[in-house]
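Engineer:
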Amino acid sequence: MNFGLSEEHQMMQKVVREFAEQVCGPSAAERDETEQWDMTLWRKMADLGLCGIPWPEKYGGAGADYLSYVIAVEELSRIDASVGVTLSAHTSLAGWPIYAFGNEQQKQTYLRAMAEGKSMGAYGLTEAGSGSDAAAMKTSAEQDGAEWVLNGSKIFITNGADADIFLVFAQTDPAKKHRGIAAFILEKGFSGFKVGKLEKKLGIRSSSTTEVILENCRVPAENLLGQVGDGFKIAMMTLDGGRNGIAAQALGIAQGAFDHALEYAQERVQFGRPIAKHQAIQFKLADMATKIEAARLLTYQAAWREDRGLAYGLQSAMSKLFAGDIAMEVTIEAVQVFGGYGYTREYPVERFMRDAKITQIYEGTNEIQRLVIANHLLKD
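Residue numbers (the numbering used here): 173 to 552.
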């Protein structure tokens with residue numbers, strides 16, 4: 173069993189780390205303050221090949237593995253979690269289902285545009301009345317000749333204000349409950365498609381989060397993903413993989429906050445010596461580092477299993493649960509290490525703390541992750 177990264181993975185880590193530090197980092201605080209995504213960042217990410225890391229080259233991707241993608245999300249999130257989640261939602265939530273369930277035409281049309289960074293993807297599952305209970309969705313889809321007509325609304329859509337391609341789930345037959353759900357590929361320009369309000373958020377503030385409104389939105393029949401009734405399965409399988417992307421985001425947030433706390437503890441002098449010389453601070457740093465490393469092992473293991481075609485749903489839920497929880501713990505402790513300065517925007521640790529909270533909530537709350545894990549254990 174080899175726990176070391178391959179040369180390819182080390183190179184991915186180095187390249188993305190430099191990009192994050194040199195390109196994303198200098199303006200991270202400004203983007204957080206203005207709550208605005210910068211599309212020039214997206215174009216630079218595309219130039220670097222980050223928008224299609226795990227997709228085959230024939231679809232415009234980099235042809236790398238899932239672990240490479242996880243490393244990229246981690247490194248981006250170590251500097252700015254908004255950049256990390258933008259890539260994660262684009263790749264795991266919007267791109268993966270098209271790759272896994274789409275036909276050749278859909279892959280060449282949509283996956284290629286996404287992999288090359290010409291388009292950004294988003295995922296529309298959650299509704300005002302159906303969050304964790306996704307099967308209770310009210311958005312409807314009725315077939316009308318060579319088109320489907322969708323009506324309803326989706327909320328909390330990551331990348332909603334900036335994406336061009338949306339994977340949207342709708343109910344075709346309420347009597348069939350989850351077996352009536354279908355998945356559709358929508359373009360922002362479709363008739364009846366409208367992006368609604370932009371949410372004002374606690375964290376990941378430069379990543380756009382919006383409502384999507386569908387009013388007699390007409391979708392070509394060829395944009396049905398899979399078969400009618402496959403939608404719920406597609407949604408759940410997508411979330412299985414997406415959770416590990418969020419684990420990578422949480423891991424990066426925790427690592428970034430820890431890096432700042434470790435540096436500050438060695439520079440800040442109180443009682444005549446650096447606070448890192450005090451046992452109380454040493455214990456904090458030791459606990460933070462240990463939890464981060466444990467989260468990294470869980471996260472990388474889930475990616476490793478996916479790359480080898482092994483079942484990874486359990487490990488993905490575990491990684492998301494643990495990494496999300498420790499991201500919150502580590503960032504709170506990082507603020508504590510900074511003391512009063514940590515509570516100000518003069519230093520970035522308060523931003524890391526605000527960014528961490530969402531990793532316990534989206535793509536399945538951590539309470540849902542515990543249910544998923546328990547179901548796996550009891551089923552086995």
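Glycine residues also receive a C-beta, built at the ideal position from the N, C-alpha and C atoms. Please read these numbers as outputs of a predicted model, since none were measured by experiment.
#1: In angstroms with no decimal places, state the Cα-to-Cα distance between Arg523 and Ala420.
#2: Whose CA, out of Lys372, Ala506, Leu396 and Ser240, lies closest to the CA of Val340?
#3: From Val245, Ala333 and Pro446, pick the residue whose C-alpha is nearest to that of Gln208; which is it?
#4: Let me know the alpha helix (DSSP H) ranges lying completely inside the segment 236 to 275, each 4 residues or longer, listed in chain order.
#5: Enumerate, from N- to C-terminal direction, the unbroken alpha helix (DSSP H) stretches of 4 or more residues contained entirely within the segment 428 to 505.
#6: Around the Cβ of Phe175, are there at least 16 other Cβ atoms within 10 angstroms (buried) or fewer (exposed)?
#7: With H, G and I counted as helix, E and B as strand and the rest as coil, what does DSSP make of Phe362?
#8: Given 8 Å as the limit, is there contact between the segment 270 to 284 and the segment 450 to 462, that is, 3 or more CB pairs closer than that?
#9: At which residues does the beta strand (DSSP E) containing Glu319 begin and terminate?
#10: Are Val367 and Thr381 close, meaning C-beta to C-beta below 8 Å?
#11: Helix, strand or coil: which one does DSSP assign to Pro520?
#12: In or out: Asn547 buried (at least 16 other Cβ within 10 Å) or exposed?
#13: Over the uninterrupted alpha helix (DSSP H) stretch that includes Gln280, give me the two end residues.
#14: Would you check if the segment 473 to 480 and the segment 530 to 539 touch, i.e. whether three or more CB-CB distances between them fall below 8 Å?
#15: Indicate whether the contact test is met: 3 or more Cβ pairs, each with one atom in the segment 218 to 228 and one in the segment 285 to 303, closer than 8 Å.
#16: Compare the beta carbon distance of Gly274 and Leu283 with 8 Å and say whether it is the shorter of the two.
#17: To which residues of the same chain is Ile251 closer than 7 Å at the C-beta, ignoring the five residues directly before and after it?
#18: Is Gln487 closer than 8 Å to Leu470 when the C-beta atoms are compared?
#19: According to DSSP, what are the bridge partners of Ser178?
#20: When the distance is taken between beta carbons, is Val502 closer than 8 Å to Phe510?
#21: Start and end of the beta strand (DSSP E) containing Gln315?
#22: Thinking C-alpha only, which one of Tyr515, Asn388, Ser378 and Arg351 is nearest Phe362?
#23: If we call anything under 8 Å between Cβ atoms a contact, is Tyr238 one with Glu478?
#24: Hey, quick one: how far does the beta strand (DSSP E) through Ala342 stretch, first residue to last?
#25: Specify, as a first and last residue, the run of the alpha helix (DSSP H) that Thr212 falls within.
#26: Opposite Phe356 in the DSSP bridges: which residues?
#27: In chain order, what residues of the same chain lie with their CB nearer than 8 Å to the CB of Gln182, ignoring the 5 residues before and after it?
#28: Please report the Cβ distance between Ser240 and Gly417, rounded to the nearest whole angstrom; I am assuming they are in contact, meaning their Cβ atoms lie under 8 Å.
#29: What number of angstroms, rounded off, separates the C-alpha of Val188 from the C-alpha of Ala244?
#30: Counting pairs of Cβ atoms below 8 Å between the segment 367 to 376 and the segment 345 to 352, do you hit three or more?
#31: Is Ala354 near Ala313, with beta carbons less than 8 Å apart?
#32: Whose C-alpha, out of Leu434, Leu482 and Gly444, is nearest the C-alpha of Asp459?
#33: For Lys369, which three-state DSSP category applies?
#34: If Ala448 and Ala437 are in contact, beta carbons under 8 Å, what's the gap, nearest whole angstrom?
#35: Can you pull the DSSP bridge partners for Arg390?
#36: Alpha helix (DSSP H) containing Ala300: first to last residue?
Structural biologist: Let's see:
#1: For the purposes of this step, residue 523 is identified with residue 351 of the sequence shown, where counting begins at 1. For the purposes of this step, residue 420 is identified with residue 248 of the sequence shown, where counting begins at 1. Computed Cα separation, rounded: 17 Å.
#2: Stepping through the sequence shown from its first residue, residue 340 is reached at position 168. Taking only the C-alpha atoms, the option nearest Val340 is Leu396.
#3: As a first step, residue 208 is located in the sequence shown; it is residue number 36 there, counting from the start. Cα-wise, what sits closest to Gln208 is Ala333.
#4: 238 to 251, 253 to 260 and 268 to 273
#5: 451 to 479
#6: Here residue 175 corresponds to residue number 3 of the sequence shown, with the count starting at 1. Label assigned to Phe175: exposed.
#7: Indexing the sequence shown from 1 puts residue 362 at position 190. Phe362 falls in the coil class under three-state DSSP.
#8: no
#9: Position 147 of the sequence shown, counting from 1, holds the residue named residue 319. First-last of the beta strand (DSSP E) with Glu319: Glu319 to Thr330.
#10: If you number the sequence shown from 1, residue 367 lands on position 195. If you number the sequence shown from 1, residue 381 lands on position 209. In this structure, Thr381 does not lie closer than 8 Å to Val367 by Cβ.
#11: As a working note, residue 520 is residue 348 in the sequence shown. Residue state, collapsed to three classes: coil.
#12: Translated into the one-based positions of the sequence shown, residue 547 becomes position 375. Exposed, by the Cβ-count rule.
#13: As a working mapping, residue 280 is identified with position 108 in the sequence shown. Unbroken run through Gln280: none, as it is neither H nor E.
#14: no
#15: yes
#16: Along the sequence shown, one-based indexing puts residue 274 at 102. Along the sequence shown, one-based indexing puts residue 283 at 111. Against a cut-off of 8 Å, the Cβ pair of Leu283 and Gly274 comes out as a contact.
#17: Position 79 of the sequence shown, counting from 1, holds the residue named residue 251. Correct list, in chain order: Ala192, Glu193, Cys196, Gly197, Ala200 and Gly428.
#18: As a position in the sequence shown, residue 470 is number 298, starting the count at 1. As a position in the sequence shown, residue 487 is number 315, starting the count at 1. In contact: Leu470 and Gln487 (Cβ atoms closer than 8 Å).
#19: One-based indexing of the sequence shown puts residue 178 at position 6. Ser178 is not bridged to any residue.
#20: Here the question's residue 510 lines up with position 338 in the sequence shown. Here the question's residue 502 lines up with position 330 in the sequence shown. In this structure, Val502 does not lie closer than 8 Å to Phe510 by Cβ.
#21: Translated into the one-based positions of the sequence shown, residue 315 becomes position 143. Ser312 to Asp316 is the extent of the beta strand (DSSP E) around Gln315.
#22: Here residue 362 refers to the residue found at position 190 of the sequence shown. When each option's Cα is compared against that of Phe362, the closest is Asn388.
#23: Taking the first residue of the sequence shown as 1, we reach residue 238 at position 66. Taking the first residue of the sequence shown as 1, we reach residue 478 at position 306. In this structure, Glu478 lies closer than 8 Å to Tyr238 by Cβ.
#24: Against the sequence shown, residue 342 aligns to sequence position 170. Start and end: Ile337 to Gln343.
#25: Position 40 of the sequence shown, counting from 1, holds the residue named residue 212. Thr212 -> alpha helix (DSSP H) spans Met211 to Asp219.
#26: Counting from one through the sequence shown, the residue named residue 356 turns up at place 184. BP columns for Phe356 point to Val340 and Leu396.
#27: Position 10 of the sequence shown, counted from the start, is the residue given in the question as residue 182. Excluding residues within five positions, none has a Cβ falling inside 8 Å.
#28: Sequence index remark: in the sequence shown, residue 240 carries index 68 (1-based). Sequence index remark: in the sequence shown, residue 417 carries index 245 (1-based). Not confirmed; about 12 Å, so no contact.
#29: Numbered from its first residue, the sequence shown carries residue 188 at position 16. Numbered from its first residue, the sequence shown carries residue 244 at position 72. Roughly 6 Å between the two C-alpha positions.
#30: no
#31: Translated into positions along the sequence shown, residue 354 becomes position 182. Translated into positions along the sequence shown, residue 313 becomes position 141. Yes; because the gap between Cβ atoms is below 8 Å, this pair is in contact.
#32: One-based indexing of the sequence shown puts residue 459 at position 287. Closest by alpha carbon: Leu434.
#33: As a first step, residue 369 must be located in the sequence shown, where it is residue number 197. Looking at Lys369 - three-state DSSP - the assignment turns out to be strand.
#34: For the purposes of this step, residue 448 is identified with residue 276 of the sequence shown, where counting begins at 1. For the purposes of this step, residue 437 is identified with residue 265 of the sequence shown, where counting begins at 1. Ala448 to Ala437, Cβ: 4 Å. Contact.
#35: Sequence index remark: in the sequence shown, residue 390 carries index 218 (1-based). Per DSSP, Val321.
#36: To locate residue 300, count along the sequence shown from 1; it is residue 128. Premise fails: Ala300 is in no alpha helix (DSSP H) and is neither H nor E.
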